[in-house]
Amino acid sequence: MPTAALPDTRQSDLVRAARREPVSRTPVWFMRQAGRSLPEYRAIREGVPMLESCMRPELVTEITLQPVRRHGVDAAIFFSDIVVPLKAIGVDLDIVPGVGPVVARPVRSAADLDQLVPLTPEHVPFVTESVQQVVRELGETPLIGFAGAPFTLASYLVEGGPSKNHEKTKALMHGDPRLWDALCARLAQISGEFLRVQAQAGASAVQLFDSWAGALSRADYAALAQPHSAAALAAVEDLDVPRIHFGVGTGELLTLMGEAGAEVVGVDYRVSLTDAVDRLGPGYAVQGNLDPALLFAPWEALERRVREIVEEGRRAPGHIFNLGHGVLPNVDPDVLTRVTALVHECSGRG
Numbered sequence: 014m015p016t017a018a019l020p021d022t023r024q025s026d027l028v029r030a031a032r033r034e035p036v037s038r039t040p041v042w043f044m045r046q047a048g049r050s051l052p053e054y055r056a057i058r059e060g061v062p063m064l065e066s067c068m069r070p071e072l073v074t075e076i077t078l079q080p081v082r083r084h085g086v087d088a089a090i091f092f093s094d095i096v097v098p099l100k101a102i103g104v105d106l107d108i109v110p111g112v113g114p115v116v117a118r119p120v121r122s123a124a125d126l127d128q129l130v131p132l133t134p135e136h137v138p139f140v141t142e143s144v145q146q147v148v149r150e151l152g153e154t155p156l157i158g159f160a161g162a163p164f165t166l167a168s169y170l171v172e173g174g175p176s177k178n179h180e181k182t183k184a185l186m187h188g189d190p191r192l193w194d195a196l197c198a199r200l201a202q203i204s205g206e207f208l209r210v211q212a213q214a215g216a217s218a219v220q221l222f223d224s225w226a227g228a229l230s231r232a233d234y235a236a237l238a239q240p241h242s243a244a245a246l247a248a249v250e251d252l253d254v255p256r257i258h259f260g261v262g263t264g265e266l267l268t269l270m271g272e273a274g275a276e277v278v279g280v281d282y283r284v285s286l287t288d289a290v291d292r293l294g295p296g297y298a299v300q301g302n303l304d305p306a307l308l309f310a311p312w313e314a315l316e317r318r319v320r321e322i323v324e325e326g327r328r329a330p331g332h333i334f335n336l337g338h339g340v341l342p343n344v345d346p347d348v349l350t351r352v353t354a355l356v357h358e359c360s361g362r363g
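Just so you know, the sequence shown maps onto residues 14 to 363 in the numbering used here.
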């Protein structure tokens, strides 16, 4: 599908906010909006393993569209997983229910890097097809593509799976910095190309997701993670799509995450948007940052906090309303619909 035939989303509130341009109202979407909180998602995924579901374009399309239909959000997030590009190049891994990604051959030596070949579009034709299908269905609603940041992917590969303390990862970072840099350089290429494939197929924005970056000190992040995230983000620099950079527990890292090459810096719920804007300055839009747990609070308390965040966001040169992390699986989806409507209502500029 030629680029010229793609819908034009440049005037959407999501893209305009990301570019620090005036908007008609604060745009809103939710990380993990396409997922376990929706009964229609659970029904369509029944009996289909996670990685397989990410590789079937008709399934990806339907799952990506479900929250847009239900909630009326201002953007879709591409349904995939951060380990999909690793699986696509042949890394032996699986997503184990209740556990997360589990890697058969963890990276412990230079020889283990052999499994990380450069990603090309030919490895992920299902992504190109899925994005094109989704974009056609969305029309003027933007699609956000995403990838995992090199540090977070490296942690899964070194630990062999999820880790609370990242002890093997940090031991490798500091004990063999040359191997660490070689590993992250390969992952930066893989993440960057994964973003690029989605953008070239029609995604209107991309997000680099660094789930575990908050485990690092500012100095370690600057020396050992930021350069590789910058390389991944640079892979789409020429494609005129806004780049969102998000991590968890990253209040001390916000300026560095922006400097890595983002137009939008995601702010988790531990830092107020007011403080984030003060730290970042006028050069960045912000995204966030409702605590996902507050979706379980009484509506009066939730409404008050949503309104506060919208007001805090007015201080930023651009604000995209989101959660400070992902939608929890047992949330009532009707609450997300009400939050979306409330954000639109209290932020209207008309």
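A virtual CB, placed ideally from N, CA and C, is assigned to each residue, including glycine.
No experiment lies behind these values; they were computed from the predicted model shown.
8 Å Cβ shell around residue i - same chain, five flanking residues per side excluded
i: A17; result: Residue placement at A17 is poorly supported in this model, since its pLDDT is 47, which falls under 50; the coordinates are not used for a value here.
i: L267; result: V278, V280, V284, A289, R292 and L293
Residue i - partner residues in DSSP beta bridges
i: V130; result: Answer is none; V130 lacks a bridge partner.
i: G161; result: F222
i: V41; result: F334
i: H258; result: L221 and V278
i: R113; result: For the sequence presented, residue 113 should be read as Gly rather than Arg. Answer is V109.
Beta-carbon proximity list for residue i, same chain, < 6 Å, skipping 5 on both sides
i: G361; result: R38
i: Q239; result: L269 and A273
i: P305; result: L336, H338 and L341
i: V109; result: V115
i: V73; result: F92 and S143
i: H241; result: P163, C197 and A201
Residue i, DSSP secondary structure in three states
i: A47; result: coil
i: V28; result: helix
i: D125; result: helix
i: I95; result: coil
i: D347; result: helix
i: A89; result: strand
i: A17; result: Low confidence applies to A17: its pLDDT is 47, below 50, so where it sits in the model is not reliable enough to give any reading.
i: G60; result: coil
i: R352; result: The identity of residue 352 in the sequence shown is Val, whereas the question assumes Arg. DSSP places V352 in helix when its eight states are reduced to three.
i: P119; result: coil
i: S360; result: helix
i: E34; result: coil
i: V249; result: coil
i: G227; result: helix
i: A238; result: coil
i: T77; result: helix
i: R82; result: helix
i: R55; result: helix
Cβ neighbours of residue i in the same chain (closer than 7 Å, five flanking residues each side left out)
i: P15; result: Any reading at P15 must be qualified, since the residue scores a pLDDT of 43, below 50, and its modelled position is unreliable; the value itself is stated next. Contacts found: none.
i: G113; result: G174 and P175
i: T353; result: V41, H84, G85 and V86
i: E325; result: S285, L286 and T287
i: R149; result: none
i: V210; result: P134, V137, V140 and T141
Closer than 6 Å: residue i CB and nearest the ligand MN heavy atom
i: T141; result: The ligand MN is absent from the structure shown, which contains no ligand whatsoever.
Item to check | Runs of alpha helix (DSSP H) lying entirely within the region 261 to 341, each at least 4 residues, in chain order | outcome: Scanning the region 261 to 341 from its first residue to its last, the whole alpha helix (DSSP H) runs of 4-plus residues come out as 267 to 272, 286 to 293 and 312 to 326.
Checklist entry - Counting pairs of Cβ atoms below 8 Å between the region 194 to 205 and the region 140 to 154, do you hit three or more? => result Because the criterion of three Cβ pairs below 8 Å is not met, the region 194 to 205 and the region 140 to 154 do not touch.
Checklist entry - Can you find at least 3 beta carbon pairs, one from the region 61 to 74 and one from the region 23 to 43, that sit closer than 8 Å? => result The region 61 to 74 is not in contact with the region 23 to 43.
Item to check | Secondary structure, beta strand (DSSP E): runs of 3+ residues fully inside the region 133 to 217 | outcome: Segments of the beta strand (DSSP E) lying fully in the region 133 to 217: 156 to 161.
Checklist entry - When the Cβ atoms of the region 81 to 92 are set against those of the region 125 to 137, are three or more pairs found closer than 8 Å? => result They do not touch, by the three-pair rule.
Checklist entry - Should the region 315 to 331 be called in touch with the region 294 to 303, which here means at least 3 C-beta pairs below 8 Å? => result Touching, per the Cβ criterion.
Checklist entry - Would you call the region 166 to 186 and the region 210 to 221 in contact, with 3 or more CB pairs under 8 Å? => result Touching, no, given that fewer than three Cβ pairs across the two stretches are closer than 8 Å.
Checklist entry - Between the region 42 to 53 and the region 176 to 189, are three or more C-beta pairs nearer than 8 Å? => result Put simply, the region 42 to 53 does not touch the region 176 to 189. Fewer than three CB pairs are less than 8 Å apart.
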